[in-house]
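S.K.: This is the structure, below, for whatever I ask next.
Chains as they are written, first to last, in my numbering: chain L, 7 to 114; chain W, 858 to 1428.
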């Protein structure tokens, strides 16, 4: 596990959210724009396709900073967001991301 | 929204229709009767389609921001989503301010913009701008329509989103080729309408009622959500039954009739001193349809320091955004108030009402010059005495706006249209035009200042053309008054970039546009002249010179606690 991720886990404030969203070209702008203008800190963001071509998944790890409830409520207001889930075990997700990052780095 | 209305057509009678005709047909089905806008290259097909409509009248604005604010004026006066049109590029950027204004004040608006053809998207084509990207942060939702058939879903959905829950603006960007695309459709979709209001569970209502019953010094803090929910009568019923004083925000002023014994007047930065002191002493803050805006609360940590907070709002993300709530209820304001009403005990609280009366006597709202029609307060009060209760008021932004908020006798919901959240100078005139378009037969008065008025002065041409019953009362201090006031109070009196040394003949400007005018500064009896001018039918600009040294007091210094108010005494 990288030092960066250990550090993130160490601060104990990382939460991972899984968003199910309408799949169209503007949806990422909506989600990212919300995070930046509401001053929510994003560490990792990952977008994956769903079996249903009308849907996508967005995985986001955020610094909670006592504001996770508020963040979730703001995301739920986006018309393109169908569901927001808080994933337990941020560590497992972050380790998965780290493995993926290393594999991609090897391919370069 | 996928349901289908009307007669199911047989396969052989499929209807051929272009995207532009489809938009107009869908807007007609939404009940839209007036659309302000300005055409341009990328919206030519849309305008060609609109020209054929017998149900929708187009009002040609002189600037897209004016068109946006006219639609807002219609929406604020009626509570229903209204539409404006703009073309691509500069048309879209011009309308952005009016959309952002609607977002911050939760006004239902559907803005339809033309866009360059899809084949040119992303090429920096003539009058191309990323309208979709530009409008994300200032809309409740937005669309870039890529195929004409999407319109069948997008247009009704746009209206549904604009009107549902906490209302807001929706933008629909339609490339020119999508407007021209001909498609075959079987039937028209149902018009989009507001989703049923959110209601909270009964146990939350019981808990709320218990909080109210258990409080000795409650205050109702009410805002734009009351109007949006049509809940003014429900709110007054609760206040009257349980003897709860009411402190409205700027956006909530027309929810409480002036002179109501429980009305404390506007709270916050320019609220009366007794109002802010009363809030500091309350033990329960019943916040309904409000968002704890910094202009209302002052420094949030010092706002109602001893109070438990009961926060009712239709938007769950507003609860606990600024202040922790003892009980947060995500609900339509009217639904919650009606559910709570039968569970609260009536009367009582004589001690609290006596304390309020004492504070009111000790720290009254002072309106210097209110008896003199040569001052802003005097003109506002005089207008209030002359105008009928259903007259609609709009303002621009600045000292005149705050003075109207302090001094005008509001009497009915949806008669007070002001730019609260965004604070947009230039709002008043086009919003008044919109209100007059939507409310024939009712007088509309726009209070403005010389700084604000010039920001959408071009709409005088639209006003003259439409011959609407709109009176503009222009309080002219030849300055940006509220900035002048802050430079004086907080920047050592170092006045910079706030004076207009060369006078503008505003009455002459209006006359040139074809709008008659009245010069109160030259009248032998300004009070009398004001009355005559307001009673004249049709549009009119009433010019009134006022003194820039007449500040708005009290004033909470920005970032300060509401109980530390500056007053005009000794200045």
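We treat Cβ as the ideally placed atom computed from N, Cα and C, and that holds for glycine.
As the structure is a prediction and not an experimental result, all values here were calculated from the model.
For the beta strand (DSSP E) that contains residue 1269 of chain W, what are its first and last residues?
M.R.: Position 412 of the second chain holds residue 1269 of chain W. That residue, residue 1269 of chain W, is in no beta strand (DSSP E); it is neither H nor E in DSSP.
S.K.: Is residue 1422 of chain W helix, strand or coil by DSSP?
M.R.: Sequence index remark: in the second chain, residue 1422 of chain W carries index 565 (1-based). Residue 1422 of chain W: coil per DSSP, three-state reduction.
S.K.: Residue 917 of chain W and residue 949 of chain W look like a contact to me (Cβ under 8 Å); what is the Cβ gap, rounded to whole Å?
M.R.: Position 60 of the second chain, counting from 1, holds the residue named residue 917 of chain W. Position 92 of the second chain, counting from 1, holds the residue named residue 949 of chain W. Actually they do not touch by this definition, with Cβ atoms about 18 Å apart.
S.K.: Under three-state DSSP, which class holds residue 69 of chain L?
M.R.: Residue mapping note: residue 69 of chain L aligns to position 63 of the first chain, counting from 1. Three-state DSSP puts residue 69 of chain L in a strand.
S.K.: For residue 992 of chain W, return the contacting residues in chain L, with the cut-off set at a CB-CB distance below 8 Å.
M.R.: Sequence index remark: in the second chain, residue 992 of chain W carries index 135 (1-based). Simply none; closest approach about 10 Å.
S.K.: So is residue 1174 of chain W in contact with chain L if we call contact Cβ pairs under 8 Å?
M.R.: For this step, residue 1174 of chain W is matched to residue 317 along the second chain. At least one chain L Cβ lies under 8 Å of residue 1174 of chain W.
S.K.: Tell me which same chain residues have a C-beta within less than 8 Å of the C-beta of residue 1066 of chain W, skipping the five on either side of it?
M.R.: For the purposes of this step, residue 1066 of chain W is taken as residue 209 along the second chain, with counting starting at 1. Around residue 1066 of chain W: 1197, 1200 and 1201.
S.K.: Under 9 Å, CB to CB, which of the residues in the stretch 977–1005 of chain W have a partner in chain L?
M.R.: For the stretch 977–1005 of chain W, which is checked against every Cβ of chain L, the residues closer than 9 Å are 989, 990, 993, 994, 997, 998, 999, 1000, 1001 and 1003.
S.K.: Compute the minimum distance between the beta carbon of residue 1352 of chain W and the heavy atoms of the ligand FMN, and state whether it is under 7 Å.
M.R.: In the structure shown, the ligand FMN is absent, as is every other ligand, since no ligand is present at all.
S.K.: In chain order, what residues of the same chain have a beta carbon less than 6 Å from the beta carbon of residue 89 of chain L, not counting five sequence neighbours either side?
M.R.: Position 83 of the first chain holds residue 89 of chain L. So the qualifying residues of the chain are 26.
S.K.: For the pair the stretch 1107–1123 of chain W and the stretch 1081–1095 of chain W, tell me if three or more CB-CB distances fall below 8 Å.
M.R.: Yes, the stretch 1107–1123 of chain W touches the stretch 1081–1095 of chain W.
S.K.: Which residues bound the beta strand (DSSP E) around residue 1318 of chain W?
M.R.: As a first step, residue 1318 of chain W must be located in the second chain, where it is residue number 461. No beta strand (DSSP E) holds residue 1318 of chain W; the alpha helix (DSSP H) holding it covers 1316–1323.
S.K.: Between W:1397, W:967 and W:1334, which has its C-alpha nearest residue 1050 of chain W's C-alpha?
M.R.: If you number the second chain from 1, residue 1050 of chain W lands on position 193. The shortest Cα separation from residue 1050 of chain W among W:1397, W:967 and W:1334 belongs to W:967.
S.K.: Taking the C-alpha atoms as reference points, what is the distance between residue 1204 of chain W and residue 1071 of chain W?
M.R.: For the purposes of this step, residue 1204 of chain W is taken as residue 347 along the second chain, with counting starting at 1. For the purposes of this step, residue 1071 of chain W is taken as residue 214 along the second chain, with counting starting at 1. Using only the alpha carbons, I get a separation of about 13 Å.
S.K.: Within the continuous alpha helix (DSSP H) that includes residue 1385 of chain W, where are the two ends?
M.R.: Taking the second chain and counting its residues from 1, the one referred to as residue 1385 of chain W is at position 528. Counting along the chain, the alpha helix (DSSP H) containing residue 1385 of chain W begins and ends at 1383–1392.
S.K.: Mapping the DSSP letters down to three states, classify residue 975 of chain W as helix, strand or coil.
M.R.: One-based indexing of the second chain puts residue 975 of chain W at position 118. Three-state DSSP puts residue 975 of chain W in a helix.
S.K.: Would you grab the beta carbon distance between residue 1139 of chain W and residue 1157 of chain W for me? Rounded to a whole angstrom, and I think it's under 8 Å.
M.R.: Numbered from its first residue, the second chain carries residue 1139 of chain W at position 282. Numbered from its first residue, the second chain carries residue 1157 of chain W at position 300. In fact, because the Cβ distance is near 15 Å, the residues do not count as touching under 8 Å.
S.K.: For residue 1348 of chain W and residue 1409 of chain W, what's the separation of their Cα atoms in angstroms?
M.R.: Taking the first residue of the second chain as 1, we reach residue 1348 of chain W at position 491. Taking the first residue of the second chain as 1, we reach residue 1409 of chain W at position 552. Computed Cα separation, rounded: 17 Å.
S.K.: Which class does residue 1108 of chain W belong to by DSSP, given the choice of helix, strand or coil?
M.R.: The residue given as residue 1108 of chain W occupies position 251 in the second chain. Three-state result, residue 1108 of chain W: helix.
S.K.: On the CB-based measure, 16 or more other CB atoms within 10 Å of its CB, does residue 1342 of chain W come out buried or exposed?
M.R.: If you number the second chain from 1, residue 1342 of chain W lands on position 485. So residue 1342 of chain W counts as buried.
S.K.: 8 Å is my cut-off, CB to CB: does residue 79 of chain L come that close to chain W?
M.R.: To locate residue 79 of chain L, count along the first chain from 1; it is residue 73. Cβ-Cβ to chain W under 8 Å: yes for residue 79 of chain L.
S.K.: Does any C-beta atom of chain L lie closer than 8 Å to the C-beta of residue 873 of chain W?
M.R.: The residue given as residue 873 of chain W occupies position 16 in the second chain. No - not a single Cβ of chain L is within 8 Å of the one on residue 873 of chain W.
S.K.: According to DSSP, is residue 106 of chain L part of a helix, a strand, or is it coil?
M.R.: Here residue 106 of chain L corresponds to residue number 100 of the first chain, with the count starting at 1. Helix at residue 106 of chain L.
S.K.: Identify, in the order they occur along the chain, each residue of the same chain with its Cβ nearer than 6 Å to the Cβ of residue 827 of chain W, setting aside the five sequence neighbours on each side.
M.R.: The displayed coordinates of chain W run from 858 to 1428. Any statement about residue 827 of chain W would go beyond what the structure contains.
S.K.: Give me the chain W residues within the contact set of residue 107 of chain L, using Cβ-Cβ distance strictly less than 8 Å, ordered along the chain.
M.R.: If you number the first chain from 1, residue 107 of chain L lands on position 101. Correct list: empty, because the minimum Cβ distance to chain W is about 28 Å.
S.K.: Find out if the Cβ-Cβ distance for the pair residue 959 of chain W, residue 940 of chain W is shorter than 8 Å.
M.R.: Along the second chain, one-based indexing puts residue 959 of chain W at 102. Along the second chain, one-based indexing puts residue 940 of chain W at 83. It is not a contact, given that the beta carbons lie outside the stated cut-off.
S.K.: Report the option in W:987, W:882, W:1317 and W:1042 whose CA atom is closest to the CA atom of residue 1371 of chain W.
M.R.: For the purposes of this step, residue 1371 of chain W is taken as the residue at position 514 of the second chain. Answer by Cα proximity: W:1317.
S.K.: Run the CB neighbour count on residue 1419 of chain W, radius 10 Å, all protein chains shown included, and call it buried at 16 or more, exposed below.
M.R.: Your numbering for residue 1419 of chain W matches position 562 in the second chain. Classification for residue 1419 of chain W: buried.
S.K.: Among W:911, W:932, W:1384 and W:921, which has the Cα closest to the Cα of residue 971 of chain W?
M.R.: Numbered from 1 along the second chain, position 114 holds the residue referred to as residue 971 of chain W. Measuring from the Cα of residue 971 of chain W, the nearest candidate turns out to be W:921.
S.K.: Under 8 Å, Cβ to Cβ, is there at least one residue of chain L near residue 1156 of chain W?
M.R.: By one-based count along the second chain, residue 1156 of chain W stands at place 299. Output row for residue 1156 of chain W: interface = no.
S.K.: 8 Å is my cut-off, CB to CB: does residue 1018 of chain W come that close to chain L?
M.R.: By one-based count along the second chain, residue 1018 of chain W stands at place 161. Residue 1018 of chain W counts as touching chain L.
S.K.: Using a Cβ cut-off of 8 Å, pull out every chain L residue sitting near residue 1177 of chain W, in sequence order please.
M.R.: Residue 1177 of chain W sits at position 320 when you count from the first residue of the second chain. The contacting residues are 75 and 76.
S.K.: Which residue from W:999, W:952, W:1030 and W:943 puts its Cα closest to that of residue 974 of chain W?
M.R.: Residue numbering aside, residue 974 of chain W sits at position 117 when the second chain is read from its first letter. Checked all of W:999, W:952, W:1030 and W:943; the closest Cα to residue 974 of chain W is W:1030.
S.K.: How about residue 1145 of chain W and residue 1169 of chain W: do their beta carbons lie closer than 8 Å?
M.R.: Within the second chain, numbered from 1, the residue matching residue 1145 of chain W stands at position 288. Within the second chain, numbered from 1, the residue matching residue 1169 of chain W stands at position 312. Yes. Within cutoff.
S.K.: Can you say whether residue 1041 of chain W is buried or exposed, counting buried as having 16 or more other CB atoms within 10 angstroms of its CB?
M.R.: Counting from one through the second chain, the residue named residue 1041 of chain W turns up at place 184. Result: exposed.
S.K.: Starting from the beta carbon of residue 85 of chain L, find every residue of chain W whose beta carbon is closer than 7 Å, and list them in chain order.
M.R.: Looking up residue 85 of chain L in the first chain gives position 79. The contacting residues are 998 and 1018.
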